[in-house]
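Engineer: According to UniProt numbering, the sequence shown is numbered sequentially starting from 1.
Yeah, the Cβ is synthetic: ideal placement off N, Cα and C, and Gly gets one too.
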Amino acid sequence: MKPLKEYDIQFVGLKLGKHHFDYQIDKKFFEHFEYDDFNDVDVTLNLLFEKKATLLELDFEVSGTVNVNCDTSNEPYNQEIEDDFNLVVKFGDEYNDENENILIIPHGEFELNVAQYIYELIILALPIKRIHPGIEDGTLKSEILEKLKELSPKDSEEKEETEEIDPRWNTLKQLLTDK
1 MKPLKEYDIQ FVGLKLGKHH FDYQIDKKFF EHFEYDDFND VDVTLNLLFE KKATLLELDF
61 EVSGTVNVNC DTSNEPYNQE IEDDFNLVVK FGDEYNDENE NILIIPHGEF ELNVAQYIYE
121 LIILALPIKR IHPGIEDGTL KSEILEKLKE LSPKDSEEKE ETEEIDPRWN TLKQLLTDK
C-alpha cells in the first residue's frame with residue numbers, strides 16, 4: 001500500500017468546477033518525510049481544487065500551530081502558522097516540476113498526490129529564526145538565557161566611554177566644523 005494515499009486526488013472522475021478538500025495534519029504526516037524538527041503538529045489545510053477543461057488549479061490554505069524548540073533557549077513553544085500557495089497543473093508530454101507554481105503532468109495521468117506540496121507549504125510557513133515569545137517580552141526565565149546574558153559582549157557605548165579618544169581626532173573634527 002502506497003504511503004499517504006489519502007492525499008491522492010483522482011481528478012478524472014470529478015466534474016468541471018470547484019471542489020473542496022479538508023485535511024487535518026499531525027505529526028504522523030511528517031514521519032513519512034522523516035522530518036522530526038516538530039514536537040507536535042496541529043494544522044488544518046483547506047484545498048480548493050478547480051477542474052477546468054485544459055488545466056487544474058489548486059489553492060492551498062494552511063493554518064494552525066506547530067510545537068517547535070526555540071533557536072535561542074531550546075525551550076518548546078507553539079508557533080502559529082498561516083500561509084497559502086497556488087498551483088496550476090497543466091497536461092503535457094512528460095512530467096515537469098521545474099517551475100514552483102506550475103506542474104506539468106503527462107496526458108494519461110488520472111490522479112495527483114498533493115502530500116509533497118502540503119509538506120513544503122507547512123515547512124516554509126515557519127519563520128527562519130524561531131524565537132520563544134517569552135524571550136521577546138522578557139517573561140521566559142531559563143538557565144540558558146542567564147548564561148547568554150553573562151557571556152554576551154558588553155555594549156559598545158560603555159566601551160567607548162572608558163577608552164581615551166586620541167586628541168588628534170578632536171583637532172581633525174574641528175577642521176570639519178570650521179568650514
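1. Between Phe29 and Val68, is the Cβ-Cβ spacing less than 8 Å?
2. I want to know whether the stretch 103 to 122 touches the stretch 5 to 21 - three or more CB-CB distances under 8 Å.
3. What are the complete beta strand (DSSP E) segments, minimum 3 residues, inside the stretch 20 to 55?
4. Using the Cα positions of Phe85 and Glu61, report the straight-line distance between them to the nearest angstrom.
5. Would you call Leu45 buried or exposed, if buried means 16 or more other Cβ atoms sit within 10 Å of its Cβ?
6. Take Ala53 and list the residues in its own chain whose beta-carbon comes closer than 8 Å to its own, dropping the five residues that flank it on each side.
7. Within 10 angstroms of the Cβ of Gln79, are there 16 or more other Cβ atoms? Answer buried if so, exposed if not.
8. Whole angstroms is fine: what's the gap from Leu14's alpha carbon to Ile128's?
9. Quick one: Cα of Ile144 to Cα of Lys51, how far?
10. Based on Cα-Cα distance, which residue from Lys27, Ile122, Ile105 and Pro167 lies nearest to Lys90?
11. Rounded to whole angstroms, what is the Cα-Cα separation between Leu4 and His32?
12. Need the endpoints of the alpha helix (DSSP H) that residue 181 sits in, please.
13. For Leu112, which three-state DSSP category applies?
14. Under a three-way DSSP split, which group does Glu57 fall into?
15. Please confirm whether Lys18 and Leu48 have their CB atoms less than 8 Å apart.
16. Just to confirm, are His132 and Leu126 a CB contact at a threshold of 8 Å?
Structural biologist: Looking at the coordinates:
1. As a first step, residue 29 must be located in the sequence shown, where it is residue number 29. As a first step, residue 68 must be located in the sequence shown, where it is residue number 68. For Phe29 and Val68, no; Cβs fall outside 8 Å.
2. yes
3. 40 to 51
4. Residue numbering aside, residue 85 sits at position 85 when the sequence shown is read from its first letter. Residue numbering aside, residue 61 sits at position 61 when the sequence shown is read from its first letter. For Phe85 and Glu61, the distance between alpha carbons rounds to 7 Å.
5. Position 45 of the sequence shown, counted from the start, is the residue given in the question as residue 45. So Leu45 ends up on the buried side.
6. Numbered from 1 along the sequence shown, position 53 holds the residue referred to as residue 53. Cβ neighbours of Ala53 beyond the five flanking positions: Leu16.
7. As a position in the sequence shown, residue 79 is number 79, starting the count at 1. By the neighbour-count rule (16 or more Cβ atoms within 10 Å), Gln79 is buried.
8. By one-based count along the sequence shown, residue 14 stands at place 14. By one-based count along the sequence shown, residue 128 stands at place 128. Leu14 and Ile128: Cα-Cα distance of roughly 38 Å.
9. The residue you call residue 144 lines up with position 144 of the sequence shown. The residue you call residue 51 lines up with position 51 of the sequence shown. C-alpha separation (whole angstroms): 53 Å.
10. As a first step, residue 90 is located in the sequence shown; it is residue number 90 there, counting from the start. Cα-wise, what sits closest to Lys90 is Ile105.
11. Residue mapping note: residue 4 aligns to position 4 of the sequence shown, counting from 1. Residue mapping note: residue 32 aligns to position 32 of the sequence shown, counting from 1. Between Leu4 and His32, the C-alpha separation is close to 8 Å.
12. In the structure as shown, the chain begins at 1 and stops at 179. Residue 181 is therefore absent and cannot be evaluated.
13. Position 112 of the sequence shown, counted from the start, is the residue given in the question as residue 112. Leu112 falls in the strand class under three-state DSSP.
14. As a first step, residue 57 is located in the sequence shown; it is residue number 57 there, counting from the start. DSSP places Glu57 in strand when its eight states are reduced to three.
15. Position 18 of the sequence shown, counted from the start, is the residue given in the question as residue 18. Position 48 of the sequence shown, counted from the start, is the residue given in the question as residue 48. For Lys18 and Leu48, yes; Cβs fall inside 8 Å.
16. Residue mapping note: residue 132 aligns to position 132 of the sequence shown, counting from 1. Residue mapping note: residue 126 aligns to position 126 of the sequence shown, counting from 1. For His132 and Leu126, no; Cβs fall outside 8 Å.
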